[in-house]
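Taken in order, these protein sequences are the chains called G and F.
One point on numbering: in the working numbering, the residue at position 81 of the first sequence is 96, and numbering is uninterrupted.
One point on numbering: in the working numbering, the residue at position 185 of the second sequence is 220, and numbering is uninterrupted.
For glycine and all other residues, C-beta sits at the position ideal for the given N, C-alpha and C.
Down below is the structure, laid out as structure tokens.
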Amino acid sequence: MKIIQKLEEKFDKKIIKYDKKSERRSYLDINPADLTDFAQYIFRDMGARFVIASGVDTPKGIEILYHFSFDSSGLVLSLRILLDRNSPEVESLTPIFKAAEWIEREINELLGVNFRNHPNLRHLLLPDDWPKGNYPLRRK
Amino acid sequence: MTEEKKKTIIPIGPYHPLQEEPEFFKLYVEGERVVGLDIELGYNHRGIEKLAESKTYDQVIFLLERICGICSTSHPIAAVNAVEDLAGIKVPERALYIRSIIGELERIHSHLLWLGLAGHFLGYNTVWMWAWKYREPVLDICEFLTGNRNHYAMMKVGGVQRDIDNSDIPQVYKMLDDLIPALDLFKGVAIDDPVIHARTKGVGILTREDVLQYGAVGPTARASGVDIDVRRDDPQNTAYHLVDWQVITSPGGDVFAKLVVRVLEMYESVKIIKQCLEKLKVVKGEIDAKVKEIPPGEGIGHYEAPRGETFHYVRSDGTNRPVRYKVRAPSYMNVASNQKAVLGETVSDAAIILAAVDPCYCCTERVAVVDKDTNKKILNSKDLIRMSQEKTEKLRKEM
Chain G
16 MKIIQKLEEK
26 FDKKIIKYDK
36 KSERRSYLDI
46 NPADLTDFAQ
56 YIFRDMGARF
66 VIASGVDTPK
76 GIEILYHFSF
86 DSSGLVLSLR
96 ILLDRNSPEV
106 ESLTPIFKAA
116 EWIEREINEL
126 LGVNFRNHPN
136 LRHLLLPDDW
146 PKGNYPLRRK
Chain F
36 MTEEKKKTII
46 PIGPYHPLQE
56 EPEFFKLYVE
66 GERVVGLDIE
76 LGYNHRGIEK
86 LAESKTYDQV
96 IFLLERICGI
106 CSTSHPIAAV
116 NAVEDLAGIK
126 VPERALYIRS
136 IIGELERIHS
146 HLLWLGLAGH
156 FLGYNTVWMW
166 AWKYREPVLD
176 ICEFLTGNRN
186 HYAMMKVGGV
196 QRDIDNSDIP
206 QVYKMLDDLI
216 PALDLFKGVA
226 IDDPVIHART
236 KGVGILTRED
246 VLQYGAVGPT
256 ARASGVDIDV
266 RRDDPQNTAY
276 HLVDWQVITS
286 PGGDVFAKLV
296 VRVLEMYESV
306 KIIKQCLEKL
316 KVVKGEIDAK
326 VKEIPPGEGI
336 GHYEAPRGET
346 FHYVRSDGTN
356 RPVRYKVRAP
366 SYMNVASNQK
376 AVLGETVSDA
386 AIILAAVDPC
396 YCCTERVAVV
406 DKDTNKKILN
416 SKDLIRMSQE
426 KTEKLRKEM
């Protein structure tokens, strides 16, 4: 697929793993430090639409998948990053696209991930007096 | 006085039992102009994603059906698509048509519901009554085909729960034909009426750039000229690629464009249902792939709900329950775009602008205008709707 080729040319060694699940589903494992570069390129230069991010607590650490949709070809591309469970932290994508603002707030409160440079990292769904350090979607 | 103190805050929401997603809008106004909007969510967070982890794949579909009363088949369609993507399941053709029929019936009744509410906010209570009157036969078709007016319980991983009896098809055809004159009526009312033009044209404009920034979807995006529709772009296990229809777009970006897109989409829905019914007459066979096991892995399913793309992500470890289930409803993106659409508009237009993305706007029932300094209530929900209706009345007299 052309989209993936273009990304491979641009980022080359920064892609840790490329998983083509099916014709219209692809997953790219990347380093959290490269996230902004990838997101910026995919959103601004390739014109993809940011759909949503999914946070998953796994035994290896906290995974975040950023789903982008290339609507003209129907491809859903997911960027996967793995964060350390003890101090999960990654750069916020809200400065690039507003669409990430709410979901980053949600992942912050439900999984305890800190998004650097997020303009407004308040609670979105949980009440303001929710006990600190209690993250509902983390596994015990 | 400082800049901050000149602003008055109008809180809208948060609670109303009829609302799809309870939201709390804080309108910042200076005089008549809206200068800011703050949105708070989470008043009815039910923890469905967490709950889904404790249900089997068969049960999860029923759980997700209850996310929303209006999009009660869009979430299940996205959900079965996600699990089928995970496991690589091929769905029998007959089931694809049945899925699309139910999905489109839902779109028609959802758009009619919105049209009625929009009419009410604009002071056209006749539109409201009539739109909801003509919504009833659509619910009757749903009941006729599925046994339920809402929450149809038709979707199932690998197919659908129940078949459509071919002897019922002429009856459904007739009911759909009866709907067309009603749609023509609404098209006339909405698209030709000068007062509706005055109230909705150029109001609450969302540009193409705003749509991309906020990731808005569905009629909200298509009314700003963004040509996206999951049904065409990635139909997955539905029948949209097997029938002939068009994606409706409009370049305006204002409330009027959203109105036009929704009204015209209902015609397309009727077209899709009729073609699917024709196909059902010739496509015989199974309606269920009889899935036994879900392998470990991950899957993505999305579907064009009446309000826009609903997106589901599922991860399995090979047991009969998902380890993670993520749902993103369309209003999650569309409601945020209100922050842009409402800026610079007047308070009397705020009701229809916030309603234009179709967030189930029953929350206005609880609106109140509070003066920031004294914390005193100035206006309530009825006042805001009254102001909107008075504006229409005034315009009508002037014309």
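Can you tell me the Cβ-Cβ gap for G:Leu136 and G:Asn123, rounded? I've got them flagged as a contact below 8 Å.
Indexing the first sequence from 1 puts residue 136 of chain G at position 121. Indexing the first sequence from 1 puts residue 123 of chain G at position 108. The C-beta distance from G:Leu136 to G:Asn123 rounds to 6 Å, short enough to fall under 8 Å.
Answer with yes or no whether the minimum CB distance from G:Gly89 to chain C is below 9 Å.
The question asks about chain C, but that chain is absent: this structure's protein chains are G and F.
DSSP beta-bridge partners of F:Gly71:
Counted from its first residue, the second sequence places residue 71 of chain F at position 36. Partner residues in the beta bridge of F:Gly71, as assigned by DSSP, are F:Tyr63.
When you compare the CB positions of F:Ser259 and F:Val246, do they come within less than 9 Å of one another, or not?
On the second sequence, residue 259 of chain F is found 224 positions in, with the first residue counted as 1. On the second sequence, residue 246 of chain F is found 211 positions in, with the first residue counted as 1. Between F:Ser259 and F:Val246, the gap from beta carbon to beta carbon is short of 9 Å.
May I have the straight-line CA-CA distance separating F:Val377 from F:Leu86, to the nearest angstrom?
By 1-based counting over the second sequence, the position of residue 377 of chain F is 342. By 1-based counting over the second sequence, the position of residue 86 of chain F is 51. Approximately 35 Å between the Cα atoms of the pair.
Rounded Cβ spacing between F:Ile133 and F:Ile199 (contact assumed at less than 8 Å)
One-based indexing of the second sequence puts residue 133 of chain F at position 98. One-based indexing of the second sequence puts residue 199 of chain F at position 164. Right, their Cβ atoms sit about 6 Å apart.
Which residues of the stretch 366-389 of chain F have a Cβ closer than 7 Å to any Cβ of chain G? Give them in chain order.
Answer set for the stretch 366-389 of chain F: Tyr367, Met368, Ala371.
6 Å Cβ shell around F:Val192 - same chain, five flanking residues per side excluded
Position 157 of the second sequence holds residue 192 of chain F. Only Tyr92, Val115, Val118, Val326 meet the Cβ criterion.
Roughly how many whole angstroms lie between the Cα atoms of F:Pro5 and F:Thr181?
No answer is possible for residue 5 of chain F: it lies beyond the span of chain F, which begins at 36 and ends at 434.
Check whether the stretch 61-69 of chain G and the stretch 84-93 of chain G are in contact - that is, three or more C-beta pairs closer than 8 Å.
By the Cβ criterion, the stretch 61-69 of chain G is in contact with the stretch 84-93 of chain G, since at least three pairs of Cβ atoms, one from each stretch, lie closer than 8 Å.
Segments assigned alpha helix (DSSP H), at least 4 residues, entirely inside the stretch 356-401 of chain F:
Correct list: 365-369, 373-376, 382-391.
Tell me whether F:Ile83 sits in a helix, a strand or coil according to DSSP, three-state version.
As a first step, residue 83 of chain F is located in the second sequence; it is residue number 48 there, counting from the start. For F:Ile83, the secondary structure class from DSSP, reduced to helix, strand or coil, is helix.
What would DSSP say about G:Arg154, mapped onto helix, strand or coil?
By 1-based counting over the first sequence, the position of residue 154 of chain G is 139. Secondary structure at G:Arg154: coil, using DSSP grouped into helix, strand and coil.
In whole angstroms, what is the alpha-carbon distance linking F:Leu220 and F:Leu214?
If you number the second sequence from 1, residue 220 of chain F lands on position 185. If you number the second sequence from 1, residue 214 of chain F lands on position 179. Distance between the alpha carbons of F:Leu220 and F:Leu214 is about 10 Å.
Given this structure, state the Cα-to-Cα distance separating F:Phe156 from F:Val230, to the nearest angstrom.
For this step, residue 156 of chain F is matched to residue 121 along the second sequence. For this step, residue 230 of chain F is matched to residue 195 along the second sequence. Straight-line spacing of the CA atoms in F:Phe156 and F:Val230 works out to 13 Å.
Around the Cβ of F:Glu58, are there at least 16 other Cβ atoms within 10 angstroms (buried) or fewer (exposed)?
Taking the first residue of the second sequence as 1, we reach residue 58 of chain F at position 23. F:Glu58 should be labelled buried.
Checking contacts by CB at 9 Å: is F:Leu62 closer than that to chain G?
Counting from one through the second sequence, the residue named residue 62 of chain F turns up at place 27. Interface flag for F:Leu62 against chain G is unset, since no Cβ pair is found closer than 9 Å.
Can you tell me the Cα-Cα spacing of F:Asp212 and F:Pro172, whole angstroms?
Here residue 212 of chain F refers to the residue found at position 177 of the second sequence. Here residue 172 of chain F refers to the residue found at position 137 of the second sequence. Roughly 11 Å separates the two Cα atoms.
Among F:Asp384, F:Pro270, F:Ala385, F:Gln281, which residue has its Cα nearest to the Cα of F:Ile112?
Locating residue 112 of chain F in the second sequence gives position 77, where the first residue counts as 1. Its Cα nearest to that of F:Ile112, the residue F:Pro270 stands out among F:Asp384, F:Pro270, F:Ala385, F:Gln281.
Just to make sure I have the definition right: I need the residues of chain F whose C-beta is within less than 7 Å of the C-beta of G:Asp86. Which are they?
In the first sequence, residue 86 of chain G corresponds to position 71, counting from 1. Ordered by position in chain F, the residues that pass the 7 Å Cβ test against G:Asp86 are Ile263, Asp268.
Let me check understanding here. Comparing Cα to Cα, which of G:Pro47, G:Ser41, G:Glu23, G:Leu22 lies closest to G:Val128?
Numbered from 1 along the first sequence, position 113 holds the residue referred to as residue 128 of chain G. When each option's Cα is compared against that of G:Val128, the closest is G:Pro47.
Proximal residues of chain G, C-beta to C-beta of F:His80 below 8 Å:
For this step, residue 80 of chain F is matched to residue 45 along the second sequence. Under the 8 Å cutoff, chain G gives Leu140, Leu141.
How big is the Cα-Cα spacing for F:Val64 and F:Gln248?
Translated into the one-based positions of the second sequence, residue 64 of chain F becomes position 29. Translated into the one-based positions of the second sequence, residue 248 of chain F becomes position 213. Roughly 24 Å separates the two Cα atoms.
Hey, does G:Phe112 have any beta-carbon neighbour from chain F nearer than 9 Å?
As a position in the first sequence, residue 112 of chain G is number 97, starting the count at 1. Chain F, which has a Cβ nearer than 9 Å to the Cβ of G:Phe112, makes this yes.
Rounded to whole angstroms, what is the Cα-Cα separation between G:Tyr81 and F:Ile105?
Sequence index remark: in the first sequence, residue 81 of chain G carries index 66 (1-based). Sequence index remark: in the second sequence, residue 105 of chain F carries index 70 (1-based). Taking the CA atoms as reference points, G:Tyr81 sits about 28 Å from F:Ile105.
For the beta strand (DSSP E) that F:His337 lies in, which residues bound it at each end?
Within the second sequence, the letter at position 302 stands for residue 337 of chain F. Run containing F:His337: 332-340, per the beta strand (DSSP E) assignment.
Who are the Cβ neighbours of F:Ala364 in its own chain at under 6 Å, not counting the five residues just before and after it?
Your numbering for residue 364 of chain F matches position 329 in the second sequence. If we look at F:Ala364 and ignore the five residues flanking it on each side, its Cβ neighbours are Thr345.
Strictly below 7 Å CB to CB, what residues from chain F border G:Phe65?
Here residue 65 of chain G is taken as the residue at index 50 of the first sequence, counted from 1. Simply Gly250.
Is the distance from the Cβ of G:Ser41 to the Cβ of G:Ile77 below 9 Å?
Walking along the first sequence from the start, residue 41 of chain G turns up at place 26. Walking along the first sequence from the start, residue 77 of chain G turns up at place 62. No, the Cβ-Cβ distance between G:Ser41 and G:Ile77 is not below 9 Å.
Who are the neighbours of G:Val71 on chain F, taking C-beta pairs under 7 Å?
Against the first sequence, residue 71 of chain G aligns to sequence position 56. Within chain F, the residues near G:Val71 are Arg350, Arg359.
Between F:Cys395 and F:Ala153, what straight-line distance do the alpha-carbon atoms span, to the nearest angstrom?
The residue you call residue 395 of chain F lines up with position 360 of the second sequence. The residue you call residue 153 of chain F lines up with position 118 of the second sequence. With a pLDDT of 46 at F:Cys395, under the threshold of 50, the modelled position of this residue cannot be trusted, and the question is left open.
F:Ser285 versus F:Ile240 - alpha carbon distance
Position 250 of the second sequence holds residue 285 of chain F. Position 205 of the second sequence holds residue 240 of chain F. A direct Cα-Cα distance of roughly 12 Å separates F:Ser285 from F:Ile240.
Could you check the C-alpha separation between F:Val278 and G:Leu90 for me, to the nearest Å?
Here the question's residue 278 of chain F lines up with position 243 in the second sequence. Here the question's residue 90 of chain G lines up with position 75 in the first sequence. Cα-Cα distance, rounded: 21 Å.
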